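Comments concern the structure below.
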Amino acid sequence: MIPKQAVVVPLYKPSLTATERFSLERTIALLSQHDIFIVGPERLKPFFFTLQQRYPGSLKTQLFADHFFMGVAGYNKLLISERFYAVFEEYEYLLVAQTDTLVLRDDLSAWCEKGYSYIGAPMFKGFTTPQQPLNLLCVGNGGFSLRKVADFLKVLRRPYFFRNKLMDDWPGQWWSTAYRYLKDYWCYSYKNTQINVAVNEDLFWGLFVSARCDYFLVPDLDEALKFSFETEPEYLYARNHNQLPFGCHAWERYGLSFWERVLPEHQIDISPIKSK
-7 MIPKQAVVVP LYKPSLTATE RFSLERTIAL LSQHDIFIVG PERLKPFFFT
43 LQQRYPGSLK TQLFADHFFM GVAGYNKLLI SERFYAVFEE YEYLLVAQTD
93 TLVLRDDLSA WCEKGYSYIG APMFKGFTTP QQPLNLLCVG NGGFSLRKVA
143 DFLKVLRRPY FFRNKLMDDW PGQWWSTAYR YLKDYWCYSY KNTQINVAVN
193 EDLFWGLFVS ARCDYFLVPD LDEALKFSFE TEPEYLYARN HNQLPFGCHA
243 WERYGLSFWE RVLPEHQIDI SPIKSK
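In my numbering, the protein residues as written are -7 to 268.
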């Protein structure tokens, strides 16, 4: 039996740019056989109603408190909370597709059947400006990511201390390192409470949780790049034998010239937004 899955599109403002609208419409067009939720703050309820009228029968809505969508910190807190995943507990998998993503084809069911807890584009040391030579940090980026709801809730419904794996290579003298160790090396999560989780939510899941919880399964680099690209798309494309992944994140930010060349080669028309 194919796992039950839903698509989640986070929105935080009452308008869409041409590129964001293109992303949403492509998500709807390719993933319409799955439940698609627009998720955002309660203050956007009228805008969400407008979107549902514009795309009749295509979108469901799920609202959360406004403060979760006032900035990156609030969004991170929401996606490391039981309250978020409990809302979708009837689904086995959630595909998070932010509005700076592109779905390139419908591989969702095939990826769900692989049984991973979490999948996203490979993230390299150096983050937005990866260090050379490339060194994998973790899998993976949360902007376009697949999440096994039961495994996320299993983590959140038990109190855990997690090591800040970003500090494993922390430079400095012993006294500064000792101070950072005492201050930042451990973080705590339980249900809707996080203490000292000073990283983005995708690093928490892909780096901290995957190292701490044996049951929380993430793919290796060569599997993850078949799912999504973010930074270093040229490298990932070549490593994937010139094949596109299921989707990509922040494609206009990282390697735009690459995407403008490669997408048409794969019969993906981006002319509606190139002319804007």
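Idealized CB from N, CA, C, for every residue including glycine.
All values reported here derive from a predicted model rather than from experimental measurement.
Short of 6 angstroms in beta carbon distance, which residues of its chain neighbour D58, apart from the five on each side in sequence? Order them along the chain. P33, E34 and R35
Does W166 come out as helix, strand or coil in the three-state DSSP assignment? No answer about W166 holds up, because its pLDDT of 47 lies below 50 and its placement is not dependable.
Going along the chain, which residues of its own chain have a beta-carbon closer than 8 angstroms to the beta-carbon of S263, five neighbours each way excluded? none
Roughly how many whole angstroms lie between the Cα atoms of L195 and C130? 8 angstroms
Between the C-alpha atoms of W166 and F154, what's the straight-line distance to the nearest angstrom? Since pLDDT at W166 reaches only 47, below the 50 mark, its modelled position is unreliable, and no value is offered.
Which residue or residues does DSSP assign as beta-bridge partners of Q124? Partner(s): none; Q124 has no beta bridge.
Please state the DSSP three-state secondary structure of M115. strand
Three or more beta-carbon pairs under 8 angstroms between the region 139 to 158 and the region 198 to 207, yes or no? yes
How many Å lie between N184 and L70 at the Cα? 8 angstroms
One question on the structure: do T91 and L236 come within less than 8 angstroms of each other, judged by their Cβ atoms? no
Are the beta-carbon atoms of A89 and V31 separated by less than 8 angstroms? no
Under 6 angstroms Cβ to Cβ from E12, same chain only, skipping five residues before and after it: list those, please. T91
Just how far apart, CA to CA, sit P122 and P211? 20 angstroms
Reference C240, options K146, L55, N133 and A78, closest by Cα: N133
Runs of beta strand (DSSP E) wholly within the region 173 to 258 (minimum 3 residues, chain order): 178 to 182, 185 to 187 and 239 to 241
Give me whichever residues DSSP pairs with L94 in a beta bridge. C240
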